[in-house]
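Following: one structure in structure tokens, then a few remarks.
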Amino acid sequence: MPASRTRHLCSVAAALALTVAGPATAATAAPAGSDGLREVLFVGNNWDGTADVVRSSGDFAKIGRIDVVPDKQQRMAEINADPIKWIYFMSIRSQVGEGHDQYVDDMYSTPDGRSLVVSRPSFADVVSIDLVTDTVNWRFPVAGYRADHMAVSPDGTRVAVSASTANKVQVLDIETGKELGEFDTGDKPHENFFTEGGRYIWNMSIGEVTTSLDDPAWDWTKGDRHITVVDATTFTQVKTIDMRSRLDAIGLKNFSDAVRPAAFTPDWSKLYFQVSFFNGFLEYDVATDRITRVKTLPENPATDPDRSTWLLDSRHHGISMNPEGTKLCVAGTMDGYATVVDRASFDVGPLITASTPYWATVSGDGRDCVISEAGADRITAIDFATGQKVLSVPVGDHPQRVRLGHVPADWTGPRGR
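Here the sequence shown stands for residues 1 to 417, numbered as in my numbering.
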């Protein structure tokens, strides 16, 4: 990217305004008056077009399975009738999908536990699926041609989705699918967070990850990558953070500034994030607006050193934090392991062998890190306290995102399944 690219910086006062005022919220809000609901984990099987529903802790036993593409025939007819949509659909299949269609990237349940809201990359939309009938309640076509990561507000009423080819985030009413607002981002918006009780939305853009121009000398070709922070009510920009200058300031000029999965501390004061091509993570202090620590994790000697062979510029992709904010769980995607890291000392626990671990979340009881093993079609739980593997549970084809949510207490799957 040319050096003259505009970089939006903000004052220290604005940074302080974003500093935490309260405890972190859960990934999915527990509904008020949640009697009659059961907490579960939803596992999105991206290549299957299904979501497995498992117990949120303990034995993680399977409860049921949802078809998240019940309207597949109709969507394919639309794509086949539109040459531009068809080109993008095939591009997703051949590049990001590694020869497969991408049917589920992210998902959250509605506050009443009756529906699952899903972003579907290949269909460029967000849909609400009725958990009883397995039918579509509403559908929202995103801007552009691909839907990606989402985030749900702490009260469970709004969902933010990255429209990755349109370089914007769109915020929807989770019950109706009506668009409430949108905001511009950097190139290829990726992960989203509602922070500070839903006051702000943070979006991380990752730039172009499908080219083979992966040598640091070609980093400028990857696009404009930065964090965008907006007011979650007005969707006006509060600040942007380009990690390029923050990385340069500590001598990491060859590091990518594409912020990948990330995790905030419970008080929102620090952000732990992964970047493209790096086997490790970095610590960012929100109030001082600087990177304060860097942790390099072990390399697998069997990992191909050719960066163009790594999955979508990822080396490590997936990071979560226990509810106490004392432990991090890291998915070492291309190095074939996951591990628990002490947040204070950065001491590394056992390396738990895993097949393409591509996401990390926290169990409902907060005791375990749950990773998706996309290469083995299973999820695996790792004890935060000991760093040891607890168990693995088989799921569908190519699990990626895993999210906490709710279903009716007596739910065992859609009717007829």
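Positions of the beta carbon are idealized from the N, C-alpha and C atoms, including for glycine.
Predicted, not measured: the structure shown is a model, and the values here were computed from it.
Excluding residues up to 5 positions away in sequence, 43, 45, 52, 377, 378 and 379 lie with their Cβ nearer than 7 Å to the Cβ of residue 395 in the same chain. Its Cα nearest to that of residue 319, the residue 372 stands out among 364, 305, 117 and 372.
Residue 98 carries a coil assignment under DSSP once its states are collapsed to helix, strand and coil.
For residue 79, the secondary structure class from DSSP, reduced to helix, strand or coil, is helix. Along the stretch 178-230, the beta strand (DSSP E) occurs as fully enclosed runs of 3 or more residues at 179-184, 189-195 and 200-205, listed in sequence order.
Cβ neighbours of residue 151 within its own chain (closer than 6 Å, five residues either side excluded): 160, 192, 193 and 194.
Residue 98 is classed as exposed because its beta carbon has fewer than 16 other beta carbons within 10 Å across all chains shown. Shortest Cα-Cα distance from residue 210 to any of 223, 155 and 345 involves 223. Straight across, the Cα-Cα distance linking residue 182 with residue 234 is about 9 Å. Leaving aside the five residues that flank residue 110 on each side, the residues in its chain whose CB is nearer than 8 Å to its CB run, in chain order, 116, 117, 128, 156, 174 and 175. Straight across, the Cα-Cα distance linking residue 276 with residue 330 is about 14 Å. Uninterrupted beta strand (DSSP E) stretches at least 3 residues long and entirely within the stretch 31-67 occur at 37-45, 50-55 and 62-67, given in chain order. Residue 40 is positioned such that its CB atom lies no closer than 7 Å to that of residue 370. Contact check for residue 171 against residue 147 fails: the beta carbons are separated by 7 Å or more. Counting only the Cα atoms, residue 180 lies some 42 Å from residue 389.
Counting along the chain, the unbroken alpha helix (DSSP H) around residue 243 starts and ends at 243-249.
Here the alpha carbon of residue 168 sits roughly 19 Å from the alpha carbon of residue 243.
For the 7 Å CB-CB criterion, residue 186 and residue 225 form a contact.
In the structure shown, residue 174 adopts coil according to DSSP, grouped into three states. Residue 361 and residue 399 have their C-alpha atoms some 13 Å from each other. If you look at residue 390, you'll find it in the beta strand (DSSP E) that goes 389-394.
A residue is called buried when at least 16 other Cβ atoms come within 10 angstroms of its Cβ; residue 221 does not meet this threshold and is exposed. With a minimum length of 3 residues, the unbroken runs of beta strand (DSSP E) contained wholly in the stretch 99-161 fall at 106-109, 115-120, 125-130, 136-141 and 147-152. When the Cα atoms are used, residue 231 and residue 238 turn out to be separated by approximately 6 Å. Of 158, 289, 410 and 124, the smallest CA-CA separation from residue 249 is found for 289. From the listed residues 382, 368, 358 and 144, the smallest Cα separation to residue 352 is found for 382.
When beta bridges are read from the DSSP output, residue 350 appears opposite no residue. Counting only the Cα atoms, residue 56 lies some 32 Å from residue 75. Residue state for residue 273 is assigned as strand, using DSSP reduced to three classes. Exclusion of the five residues before and after residue 293 leaves 283 as the residues of its chain whose Cβ lies within less than 6 Å of its Cβ. For residue 140 and residue 311, the gap between their C-alpha atoms comes out near 29 Å.
Leaving aside the five residues that flank residue 348 on each side, the residues in its chain whose CB is nearer than 6 Å to its CB run, in chain order, 339 and 341. DSSP places residue 320 within a strand segment (E or B) once states are collapsed to three.
Nearest Cα to residue 374 within the set 321, 205 and 317: 317.
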